[in-house]
Structures are given as C-alpha cells and as structure tokens.
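Everything below concerns the one structure shown next.
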Amino acid sequence: MTDQQNTAASEEEAAPQFSLQRIYVRDLSFEAPKSPAIFRQQWEPSVGLDLNTRQKALEEDFHEVVLTLSVTVKNGDEVAFIAEVQQAGIFLIKNLDAASMSHTLGAFCPNILFPYARETLDSLVTRGSFPALMLAPVNFDALYAQELQRMQQEGGATVQ
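When we follow the numbering used here, the leftmost residue of the sequence shown carries the number 1, and every step to the right adds one.
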C-alpha cells in the first residue's frame with residue numbers, strides 16, 4: 001500500500017461508525033386483572049406511561065440498549081390493564097468521544113427502538129380485546145437533555 005492508501009485506511013478506521021445489529025423483545029407482559037367485568041363497563045380510560053432506558057456494553061464495540069415502556073390504563077378507579085414491553089437492540093458503535101457516545105446510547109438508540117416498542121404494546125393491548133393504544137412520539141433528545149441537567153444540578157448540589 002502507498003502512504004496515501006494507508007492514510008485513507010486509518011482515517012476510515014478512526015471515523016465514527018454506527019450500525020444496528022439486531023432489534024428484539026427482551027420481555028413482555030400483559031395483565032387484565034378485572035376482566036371480564038371491565039368489558040361490561042362504560043369505557044372512560046386514563047393512561048399512565050412510564051418510560052425507562054438502560055444500556056450495557058457488550059464485547060468490543062457492541063452495546064445493548066433496552067427501552068422499557070410500562071402502561072397502566074385505568075377505567076375510573078379500577079385498573080383495566082397493565083402492559084409492559086422491554087424492546088432491546090444491539091448496536092455497533094465505534095470511535096465516538098464520551099459525550100457523543102452518551103448521547104447516542106441515551107437518545108439516538110432509544111429513538112430507533114421506540115416505534116417497535118409502541119407497535120408491540122399496541123398489538124398486545126388489542127389482543128387483550130381493548131381499544132388500540134397508539135402512544136404519541138417521544139422526544140428522546142429532550143428527555144436526555146433534561147436528565148443531563150438534573151445530573152449536573154445534583155452534582156453541583158453535592159459539591160456546594
């Protein structure tokens with residue numbers, strides 16, 4: 001190889017790389033504690049959503065990111081159903097600085113996983129014979145920024 005080819009090859013190796021390897025359901029649950037009585041009542045639901053992400057490093061440059069969506073739907077004061085999905089993905093991520101890696105794992109990857117988790121929850125709920133549950137899109141960049149700000153405030157509070 002010439003020096004120019006070596007330089008191009010090493011620049012390519014040092015360039016940031018991102019690749020989705022696999023998307024899968026890690027865990028799935030559905031509970032309708034008041035069925036079948038709940039189906040005979042006037043349907044006036046209230047929806048509670050809990051959203052969480054976590055990530056762990058796998059071998060080399062591979063990372064698992066898990067997005068958990070937990071939905072509790074009440075009809076009046078009674079719980080109609082509880083549904084939860086842990087949608088996971090394996091991502092190959094190379095050559096990012098710490099801040100970019102944190103943002104990628106904390107916002108970009110969950111943003112990729114969300115449509116899959118939303119569709120899985122909707123399918124689960126309709127199989128339970130409840131009306132479709134189409135969750136609104138989530139701004140993971142804003143959630144990530146809020147979490148960073150909260151962590152900085154907590155860090156600043158402990159230093160003072």
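Note that the Cβ used here is the ideal one computed from N, Cα and C, for glycine as well.
Review point. For the beta strand (DSSP E) that residue 95 lies in, which residues bound it at each end?
Key: Translated into positions along the sequence shown, residue 95 becomes position 95. Here residue 95 belongs to no beta strand (DSSP E), and DSSP marks it neither H nor E.
Practice item. Kindly indicate the opening and closing residues of the beta strand (DSSP E) around residue 23. Key: Residue mapping note: residue 23 aligns to position 23 of the sequence shown, counting from 1. Start and end: 17-31.
Review point. Comparing the CB of residue 147 with every heavy atom of the ligand ZN, is any distance shorter than 7 Å?
Key: In terms of ligand content, the structure shown is empty, and the ligand ZN therefore cannot be addressed.
Check your understanding: Excluding sequence positions up to five away, which residues of its chain have a Cβ less than 6 Å from the Cβ of residue 45?
Key -> Here residue 45 refers to the residue found at position 45 of the sequence shown. Contacts found: 73 and 75.
Point to revise | Nearest-angstrom beta carbon gap, residue 88 and residue 24 [assumed within contact, 8 Å] | key: In the sequence shown, residue 24 corresponds to position 24, counting from 1. In the sequence shown, residue 88 corresponds to position 88, counting from 1. The beta-carbon separation of residue 24 and residue 88, rounded to 6 Å, stays under the 8 Å limit for a contact.
Review point. Helix or strand or just coil, what does DSSP make of residue 86?
Key: Here residue 86 is taken as the residue at index 86 of the sequence shown, counted from 1. Annotated three-state conformation of residue 86 is strand, per DSSP.
Check your understanding: Roughly how far, in whole angstroms, is the beta-carbon of residue 62 from the beta-carbon of residue 30, given that I think they are within contact range, below 8 Å?
Key -> For this step, residue 62 is matched to residue 62 along the sequence shown. For this step, residue 30 is matched to residue 30 along the sequence shown. Actually they are not in contact, since the Cβ atoms of residue 62 and residue 30 sit about 30 Å apart, beyond 8 Å.
Point to revise | DSSP beta-bridge partners of residue 48 | key: Mapped onto the sequence shown, residue 48 falls at position 48. Answer is 72.
Exercise for review: Counting only the same chain and skipping the five closest in sequence on each side, list residues whose C-beta sits under 6 Å from that of residue 16.
Suggested key: Within the sequence shown, residue 16 is the residue found at index 16, counting from 1. Hits under 6 Å: 95 and 96.
Exercise for review: Ignore the nearest five residues each way along the sequence and tell me which others in residue 58's own chain have a CB closer than 8 Å to its CB.
Suggested key: Reading the sequence shown from its first residue, position 58 is the one you call residue 58. Cβ within range, chain order: 64 and 90.
**Study point:** Neighbour-count burial assignment, residue 20, 16 or more Cβ in a 10 Å radius
**Key:** Numbered from its first residue, the sequence shown carries residue 20 at position 20. That one is exposed.
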